[in-house]
Amino acid sequence: MKRPAHVHLGAMLLLLGTCTAPTVAVAESPGEISAIQNAARHGNQGAELLLALIYFEGRGVSPNPVKARQWMRHAADDGQPYAQYLLGNWYADGIAGLPKNPDLAVQYWRKGAAQGQAQAAYRLAEAYLSGIGVKTDPEAAKHWLRRAAEAGYAPAQRLLGKMYQGGYGVPKDTLEGKDWLARAAAQGDNEAIRLLSIFVELGEDALQGFRQGGPELQARAGSGDSVAQYQLALRYETGAWGLPQNDALALHWFRASAAQGNRMAMRSLADIYTHGLLGQSKSARQAEYWRQRADHRELPGVER
């Protein structure tokens, strides 16, 4: 787990009440800890989570696993999705003095995933793939992986790409696999970049695009390089590698790349219209149009 970042307590309590994967504050003084304790006792979910982590890490207090798991349960049972994800991890790995309990881990991941917590959805998908805490169910794994992947969680995008590449639990679809691996690679996921080089055989020149800075990639895209346009779209889609998340620009570059015959961009557009992503309404007609084009065009500069 990442070390907490220092933020103002009042702002942190607000964030914890609204965000699914908050940056956790560090309590620096007895006054701050007292304020958190008071808010937690009044049922503030974010304060309950924050207090659990304070006791777990011993920030400003002595580490206390008993109180840590007590407040983590309170936060999770009161509906805080990030707490549900963390408590699932604690039960899965036997953390904070809890016995390993895969069944309870799955229960809490499912609660977090149902609220859109991407990390919980990813862990739930892993459970369905491995059969830990639930019966093995690749179809359910695909469902939760897609939920996490569409929320921009790179490990889920990478695993979903691997499933499509290998045809495990899904019909084998190398183009779909490429697309998800590329989305993870666009966020700097080194394993996804490595898998692209193995599965997709992009070649070092195209792979280098995932490592390029924004201005250089912008220049290549502006000059009409369809691979750069596609990679730029992926970065705007997720807000990766120093570029702000921007649905309109992501859609613009997907379309520009697809217009030049880039099959991965076409498949992305099919996915966008199938699921109503990037601010677009669902459109079965548009999705089918781009899917058919993707299935009958070569990818310039990528495939041999």
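Numbering (the numbering used here), first residue to last: 173 to 476.
Ideal placement from N, C-alpha and C gives every residue a C-beta, glycine not left out.
Could you tell me the distance, in whole angstroms, from the CA atom of G451 to the CA atom of A356?
21 Å
Does the pairing of the segment 309–318 with the segment 395–411 give three or more beta-carbon distances under 8 Å?
no
Where W462 falls: helix, strand or coil (DSSP)
helix
Verify the CB distance criterion: does A268 have a CB-CB separation below 8 Å to chain D?
Protein chains in the displayed structure number just one, and chain D is not present.
Please determine if the segment 416–428 and the segment 297–307 are in contact, where contact requires at least 3 C-beta pairs separated by less than 8 Å.
no
Can the beta-carbon of Y479 be found closer than 8 Å to that of A248?
The shown model of the chain, from 173 to 476, leaves out residue 479, and the question about it has no answer.
Which residues in the same chain as G478 place their Cβ atom closer than 7 Å to its Cβ, once the five residues preceding and following it in sequence are excluded?
Nothing in the structure corresponds to residue 478, since the chain is present only between 173 and 476.
Supposed close pair L406, A354 - CB separation, criterion 8 Å
6 Å
Between the C-alpha atoms of N261 and L423, what's the straight-line distance to the nearest angstrom?
36 Å
How would you write the range of the alpha helix (DSSP H) that Q432 sits in, first residue to last?
Neither: Q432 is in no alpha helix (DSSP H) and is coded neither H nor E.
Run through DSSP, which three-state label would D250 get?
coil
Assuming contact is defined by CB atoms lying nearer than 8 Å, are E361 and R319 in contact in what I supplied?
Checking the displayed sequence, the identity of residue 361 turns out to be Asp instead of Glu. Not a contact, by the Cβ cut-off of 8 Å.
Return yes when the C-beta of F426 is under 7 Å from any heavy atom of the ligand FAD, and no when it is not.
This structure simply doesn't include the ligand FAD, nor any ligand for that matter.
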